[in-house]
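**Q** Please see the structure below; I have some questions.
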Amino acid sequence: MVQSPSGQLKVTVSDAGGRLHYSATLNGQQVLEPSALGLKTSIGDFTRDLTLLDTKEQPVESHYQMRGTKASSACYKANQIVLNLQNKDQMRFSVVMQVSDHDIAFRYDIPRQKFQKKDMKRVRILSEASSFNLPDGTTTFISPQIGPETGWEQTKPSYEETYSADAPMATPSQYGHGYIFPALFHLPNGWLLLNETGVGSNYCGAHLSDYQAGSGYAIAYPDPGENNGFGSAFAAIPLPGQTPWRTVTIGSLSDIAETTISYDLVEPRYAPSTDYQPGRYTWSWLIWQDNSINYDDQVKFIDLASAMGFEYCLVDNWWDTQIGRDRIAELSKYAQSKGVHLLLWYNSNGFANDAPQGPRDCMNTAIAREREMKWMQSIGIKGIKVDFFGGDKQETMRLYEDILSDANRYGLQVVFHGCTIPRGWEKMYPNYVASEAVLASENVFFNEGAAIRQPFDLTLHPFCRNTTASMDWGGIIMNKYLSKDNKSRHTRKTTDIFEMASGITMQTSVQCVAMQPNNLGELPQFEMDFLRQLPTTWDETCLIDGYPGKYVVLARRHGQDWYVAGLSAEKQPLTLTLTLPMFNKGESLQYYVDNKKGEPTLTTLKVDKKGQAKVTIQPNGGLIIKR
Ligand code: CA
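Under my numbering, the sequence shown is numbered contiguously, ending at residue 628.
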């Protein structure tokens with residue numbers, strides 16, 4: 002048994018019958034039923050006939066600084082137990098289990114050892130038995146994994162399926178391929194979030210299997226058909242070696258929304274080559290689409306970024322043919338003359354899928370990347386968005402890491418789209434910004450159903466997809482209609498204040514503000530002023546109130562300034578009494594809120610003598626409170 006530093010979270014590991022199980026209690030209540038541990042490898046089956054050789058216990062502690070996430074510094078304290086085991090053939094492995102007050106993390110270590118008389122310095126990890134067996138009565142906030150070579154131009158899986166809320170565990174997954182990380186669960190007595198971290202070129206990305214009564218969800222490896230069938234569905238590691246960390250965050254919704262466990266367990270894999278700048282970017286493609294990828298329209302979005310004081314403008318797909326490299330160099334020069342830097346879109350191809358957009362074949366080999374990135378650096382490009390990856394195999398994780406480390410040599414920040422979730426990457430790779438890996442803003446443009454879902458999605462992600470990692474949702478949208486003329490196609494379903502507040506609840510260090518040039522003449526001055534000063538990096542994050550998929554009120558600190566931001570997906574006005582310890586009792590604050598008609602207002606809000614304030618968020622509306 003190993004317990005957290007405060008003693009509130011306790012994990013018990015048992016080797017009864019030669020099989021390993023772990024279970025956990027929080028404040029004496031069962032939060033994990035006996036759940037399997039172990040793995041099958043090319044040098045032995047470590048799921049059965051196991052004997053415990055010895056154990057070693059020690060406290061672990063780390064304090065670290067970070068940039069570009071929900072917190073600028075974090076402290077991790079846990080108690081670690083290492084269980085050294087062997088199977089019936091005397092092949093050895095270890096379980097490393099760390100328990101902090103709100104997290105369980107475990108991984109497997111395999112030592113160098115003799116196998117069939119050979120001195121093994123490598124191993125294939127074929128499958129993992131690790132499972133998460135949750136108490137009866139638990140409901141799920143999870144999203145299905147989808148099969149390979151599906152979706153538009155066979156680009157999936159790319160973590161763009163829908164999350165459902167409060168569903169029973171026994172519901173079969175939509176596509177029969179289990180569920181993606183992160184996965185959120187409402188236990189009878191708390192909340193639990195499953196994820197993994199520390200996965201780069203060293204391993205494949207994992208997900209969860211379908212639910213099995215009696216054993217719960219198990220770790221599943223990629224489908225063999227991913228990445229055009231190329232690369233293995235298992236992982237290969239050198240010996241001595243280790244698997245990535247599987248993490249279980251347990252407690253209240255605050256513990257879930259504030260967790261830094263994705264970063265606590267990983268280390269930077271290289272140093273930054275330059276001081277990467279956070280910021281905001283404009284993006285023509287979201288609403289003006291492919292036709293806007295021409296020199297003159299891009300000038301309009303550069304001018305918009307410049308007028309707003311934004312740092313970046315993203316030029317999306319087809320620029321190689323619709324603008325051309327020489328004119329991109331001119332465009333970059335023009336942008337810099339206006340105090341803006343360009344970000345350029347790339348296709349990740351190769352052979353991963355059939356996505357036709359150019360530029361193609363510039364990011365899939367070291368030779369092509371070298372040529373391309375050198376050119377980008379010479380013309381003042383500051384970042385890339387690479388789209389359409391092939392899945393979660395170790396082969397593909399290696400491509401992500403290679404793009405990141407090469408881009409760092411040329412001072413380029415990196416956003417991924419059509420991609421897997423990041424797993425500790427903000428800390429592992431200092432020029433990594435964010436991934437899409439979410440049913441994002443492009444869907445709000447494509448179809449009205451996603452526009453209707455948007456408030457649900459954006460009130461869920463602070464507890465799930467966006468609490469474990471940065472998320473490039475792709476745009477605070479200020480157009481009333483999802484069209485260039487701002488009067489045709491479907492309407493946006495959210496209020497202006499919802500969109501502005503989402504710029505705070507959604508976390509990424511380079512945030513898209515998908516304003517359109519027409520918005521400059523349309524938006525009230527106080528909205529413009531707010532968007533101009535919107536920060537994108539945070540020193541501290543606290544949950545004030547919320548329920549996944551219904552509403553969220555988050556407080557984030559940037560330097561000395563606290564921003565309290567709320568979103569509601571409810572059908573009726575939502576009245577809340579917020580406890581606001583970051584402000585003074587009796588203090589009057591700026592209060593951005595929708596009126597009963599859903600129109601934006603800027604007024605004042607007074608914190609009462611108890612440090613509380615009563616607020617009302619309108620349906621699909623929002624609020625922002627700041628000094
Ligand atoms: Ca996408």
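Just so you know, even glycine gets a beta-carbon here, dropped at the ideal spot from N, CA and C.
#1: Note the first and the last residue of the continuous beta strand (DSSP E) segment covering F531.
#2: Per DSSP, R558 is paired with what?
#3: At a cut-off of 6 Å, would you count E427 as near ligand 1, judging by its Cβ distance to the nearest heavy atom?
#4: Using 8 Å for Cβ pairs, my map puts V511 next to V434. What's the rounded Cβ distance?
#5: Taking the Cβ atom as the reference point for each residue, do S24 and S132 lie within a distance shorter than 7 Å?
#6: Between Q99, Y552, L405, which has its C-alpha nearest G8's C-alpha?
#7: Count the C-beta pairs between the segment 123-137 and the segment 39-46 that are closer than 8 Å, then say yes if the count reaches three, no if not.
#8: Per the DSSP calculation, R108 is bridged to which residue(s)?
#9: Could you spell out the range, first to last residue, of the alpha helix (DSSP H) harbouring T397?
#10: Under the DSSP definition of a beta bridge, which residues are partnered with G191?
#11: Just list the residues that DSSP pairs G45 with in beta bridges.
#12: Can you tell me where the alpha helix (DSSP H) with Q455 in it begins and where it stops?
#13: What do you reckon, are the CB atoms on G179 and L135 nearer than 7 Å?
#14: Take R493 as the anchor and find which of S442, I505, T542, G567 has the nearest alpha-carbon.
#15: Measuring only the C-alpha atoms, how far is K394 from E523?
#16: Given a cut-off of 7 Å on the beta-carbon distance, is the pair P183 and T397 in contact?
#17: Note down, in chain order, each residue of its chain lying with its Cβ closer than 7 Å to the Cβ of K119, except the 5 sequence neighbours on either side.
#18: What three-state label does DSSP hand V387 in the structure shown?
#19: Which stretch, first to last residue, makes up the alpha helix (DSSP H) that contains A308?
#20: So the candidates are L315, E427, K339, K115; which of them puts its Cα closest to the Cα of G384?
#21: Less than 8 Å between the CB atoms is what I'm expecting for N80 and V3, so what's the real figure, rounded?
#22: Secondary structure at N444, three-state DSSP: helix, strand or coil?
#23: Could you have a look at A25 and say whether DSSP puts it in helix, strand or coil?
#24: Confirm, please, whether the CB-CB distance from K551 to A566 is below 7 Å.
#25: Could you spell out where the beta strand (DSSP E) holding R125 opens and where it closes?
#26: Would the segment 423-432 and the segment 453-465 be scored as touching if the rule is three or more Cβ pairs under 8 Å?
#27: Alpha carbon to alpha carbon, how far is D224 from T156?
#28: Take D90 and list the residues in its own chain whose beta-carbon comes closer than 8 Å to its own, dropping the five residues that flank it on each side.
#29: Just to confirm before moving on: does the CB-CB distance between P601 and I498 stay below 7 Å?
#30: Taking 6 Å as the line, does the beta carbon of E437 fall inside it for any heavy atom of ligand 2?
#31: Do the segment 535-548 and the segment 480-495 make contact, defined as three or more Cβ pairs closer than 8 Å?
#32: Is the CB-CB distance between I404 and G242 below 7 Å?
#33: With a threshold of 8 Å, are at least 3 pairs of Cβ atoms found where one atom belongs to the segment 366-385 and the other to the segment 160-174?
#34: Going by CA-CA distance only, name the one from L305, L193, D276 that's closest to T250.
#35: Beta carbon of T538, beta carbon of P269: below 7 Å?
#36: Would you call F47 buried or exposed, if buried means 16 or more other Cβ atoms sit within 10 Å of its Cβ?
**A** So, to answer that:
#1: Looking at the DSSP string, F531 is not in any beta strand (DSSP E); the run it does join, the alpha helix (DSSP H), is 526-533.
#2: E541, W563
#3: no
#4: 5 Å
#5: no
#6: Here the closest residue by C-alpha is Q99.
#7: A contact is defined here as three or more CB-CB pairs under 8 Å, and the segment 123-137 meets this definition with respect to the segment 39-46.
#8: According to DSSP, which records beta bridges pairwise, R108 is partnered with V97.
#9: 395-410
#10: L188
#11: T42
#12: 449-461
#13: no
#14: S442
#15: 47 Å
#16: Cβ distance not < 7 Å, so P183 and T397 don't count as in contact.
#17: none
#18: strand
#19: 296-309
#20: Closest by C-alpha distance to G384, out of L315, E427, K339, K115, is L315.
#21: 5 Å
#22: helix
#23: strand
#24: no
#25: 123-129
#26: no
#27: 14 Å
#28: G45
#29: yes
#30: Inclusion of ligand 2 in the displayed structure is not the case, the ligand content consisting of ligand 1 alone.
#31: no
#32: No, the pair does not count as a contact, with Cβ atoms beyond the cut-off.
#33: no
#34: L193
#35: no
#36: buried
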